[in-house]
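Report on the structure given below.
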Amino acid sequence: MFLSSVALATSDMNLKIIPSEHGAAIQIDGSLLHYYRIYSANSLGQPEWTLAGMKLGEFAPFVWDAAQEDIPSTQFYRVEEIPRAISQDTDEDGMNDVYELLRSFLNPMDHTDAQRDDDMDQLSNLDECQNGTNPSLADTDEDGVPDGVEVLERKTNPNDPLSVNATLYIDPIIGSDALDGLSPVVTGNSGPKETLAAAFMTAYTRDEVSIATGEYRMDVLPVGDKSITLRPEGTVTIRP
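Everything in the sequence shown is counted per my numbering, starting at 941 for the first residue and increasing by one.
The structure is reproduced here in structure tokens:
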């Protein structure tokens, strides 16, 4: 087997082909300030090189493993060095290469990972990137409210634990449990809840619930594992 490496003309890196359990690996004298795209071809005259992999630079010489069992008898590699400060978006998924390389569950060569929701918080990985939230943590600021609820419903800052407080409204006359409960008047999908149970089950830590004066009928008031502090300012009657 003959393996050769060819660096781009714009690069002065030292490259070395070394054996690996997969057949070949490239040792690169890289830099922490750069990341690298590795291309392969069966001949130097090949018009297009195939992108074979990407890797962040390290402090010392590092190795990129081809991870390929059936390497041809002659294989050529070229390495492109790119500054982290001007990271590109190789797979054109809206997340730059460095952002993806820093997260092992993302692939800068696969655009489909942008629409995944790996932490199940209602935000795609692309949404997390754009909002500055952690795509592997459902509640980035650990305030008890999932990132998706803050961004999509409450319009609060998912990176600030102090921005979460909301007031939920209940009105048995104009309200509906299909509404979001975040407004005392009905506008589109926003408006007061109809029942106490719906509002309390929707509430998160430090939320306030504003109950319209009136009479409410229910046998059980489910609140899950939550506690309620009452600050009465009007008259509310609850009857079974």
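Virtual Cβ for every residue (Gly too), placed ideally from N, Cα, C.
- With respect to the C-alpha of Met1060, the residue from Ser1076, Asn1047, Phe1045, Leu1046 having the closest C-alpha is Ser1076.
- In this chain, the beta strand (DSSP E) harbouring Gln967 covers 965-968.
- DSSP lists Ala965 as the beta-bridge partner residues of Asp1005.
- Residue pairing from DSSP places Met994 in a beta bridge opposite Arg977.
- Tyr1144: not part of any alpha helix (DSSP H); DSSP gives it neither H nor E.
- Looking only at Glu1090, His974, Pro1086, Tyr1017, the smallest Cα-Cα distance to Gln1028 is reached by His974.
- DSSP places Leu1041 in the uninterrupted alpha helix (DSSP H) bounded by 1037-1041.
- Around the C-beta of Lys1095, fewer than 16 other C-beta atoms lie within 10 Å, and the residue is accordingly described as exposed.
- Taking C-beta separations shorter than 8 Å and ignoring five residues to either side along the sequence, the partners of Leu1041 in its chain run Tyr975, Met994, Lys995, Leu996, Pro1048, following chain order.
- Secondary structure of Arg1056 (DSSP, three-state): coil.
- Under the three-state reduction of DSSP, Gln1070 is assigned to helix.
- Per the Cβ contact rule, the region 1066-1085 is not in contact with the region 1109-1125 (fewer than 3 Cβ pairs under 8 Å).
- Cβ atoms of Ala965 and Val1003 come within 8 Å of each other, at about 5 Å.
- Each residue's CA atom was taken as its position, placing Asp1100 and Asp1081 some 6 Å apart.
- As a beta-bridge residue in DSSP terms, Thr1127 pairs with Ser1130.
- Bridge pairing for Leu1108: Val1149 [DSSP].
- By a beta-carbon distance limit of 8 Å, Gly1088 contacts Gln1062. Their separation comes to about 3 Å.
- Asp1117 and Leu1102 have their alpha carbons spaced roughly 27 Å apart.
- By the criterion of a C-beta distance shorter than 7 Å, Trp989 is surrounded in its chain by Tyr979, Ser980, Ala981, Arg1018, once the five residues flanking it on both sides are discounted.
- Taking 8 Å as the cut-off, the Cβ atoms of Tyr1144 and Val1091 do not count as close.
- Taking Ala992 as reference, the option from Glu1093, Lys1133, Phe1016, Glu1155 with the minimal CA-CA separation is Phe1016.
- Nearest Cα to Ile968 within the set His1051, Ala1000, Asp1083, Pro1132: Ala1000.
- Taking all protein chains shown into account, Arg1146 has fewer than 16 neighbouring C-beta atoms within 10 Å of its C-beta and is therefore exposed.
- When DSSP states are grouped into helix, strand and coil, Val1085 belongs to the coil group.
- Assignment of Ile1026 by DSSP, reduced to helix, strand and coil, places it in the helix class.
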